[in-house]
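Enquirer: A single structure is presented below for examination.
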Amino acid sequence: MNAPATPAPGQKGPASRLGRPLAALAAVAAPTVYVAMVDPNSPGHYPVCPVLQATGWWCPGCGGLRCVHALTRGDLTTAGHDNLLVLVLSFVVAFLWLRWAWAALTGAPVPRMRIGLRQTVLLVVVLGLFMVVRNLPAGAGLAPPVV
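Below is the structure:
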């Protein structure tokens, strides 16, 4: 009969290795639960976007809270209509978190993600293009519904 595997001296067990991924999950889950419970579609619960208020333009984050609210209800169509970029980034972040948690659980090397100048410039360009396109008549489908 085999005894339960114990980590070698100097190695962490699975429960210890999962501490950081679970802490990150809790840090994201807490505000997500709040947004799930307090509907951003009802006026008065959240402040107006300062970019929208100052310029009249939808910023890349406008509709993001409504997108997260729809995601907590499993409504991908509404989430995509509220903010397609937040929807896509949510799936990317979920995939990266799952990869991190799996590596922590199995003891595999934790995948590192380096964000350099090239990735930063690309992100800024994507955010800028998304902002411009969603404010053009041709990109009106990317703008969140007016509440």
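In my numbering, the protein residues as written are 13 to 159. Quick reminder that beta carbons are idealized off the backbone N, C-alpha and C, glycines included.
Can you tell me which of Val100, Leu83, Leu108, Trp69 puts its alpha carbon nearest to the alpha carbon of Thr44?
Expert: The residue labelled residue 44 in the question sits at position 32 within the sequence shown. Residue Leu83 is the option with its Cα nearest to Thr44.
Enquirer: Given a cut-off of 7 Å, decide if Val80 and Val104 are closer than it, judged by their beta-carbon atoms.
Expert: Numbered from 1 along the sequence shown, position 92 holds the residue referred to as residue 104. Numbered from 1 along the sequence shown, position 68 holds the residue referred to as residue 80. Result no, Cβ atoms of Val104 and Val80 do not sit closer than 7 Å.
Enquirer: Grouping DSSP H, G and I as helix and E and B as strand, with all else coil, what is Gly68?
Expert: The residue you call residue 68 lines up with position 56 of the sequence shown. Gly68 falls in the coil class under three-state DSSP.
Enquirer: Can you name the start and end residues of the alpha helix (DSSP H) that Arg111 belongs to?
Expert: Position 99 of the sequence shown, counted from the start, is the residue given in the question as residue 111. Note, Arg111: alpha helix (DSSP H), 96-118.
Enquirer: Thinking just about the alpha-carbon of each residue, which of His57, Pro55, Gly56, Cys74 is nearest to the one in Leu64?
Expert: Walking along the sequence shown from the start, residue 64 turns up at place 52. Checked all of His57, Pro55, Gly56, Cys74; the closest Cα to Leu64 is Cys74.
Enquirer: Using DSSP with H/G/I as helix, E/B as strand and the rest coil, what is Pro52?
Expert: For the purposes of this step, residue 52 is taken as the residue at position 40 of the sequence shown. The answer is coil: DSSP assigns Pro52 none of H, G, I, E or B.
Enquirer: Are Gly76 and Asn53 close, meaning C-beta to C-beta below 7 Å?
Expert: Looking up residue 76 in the sequence shown gives position 64. Looking up residue 53 in the sequence shown gives position 41. Contact: no.
Enquirer: Nearest-angstrom Cα distance between Val145 and Ala115?
Expert: Your numbering for residue 145 matches position 133 in the sequence shown. Your numbering for residue 115 matches position 103 in the sequence shown. Their Cα atoms are separated by approximately 38 Å.
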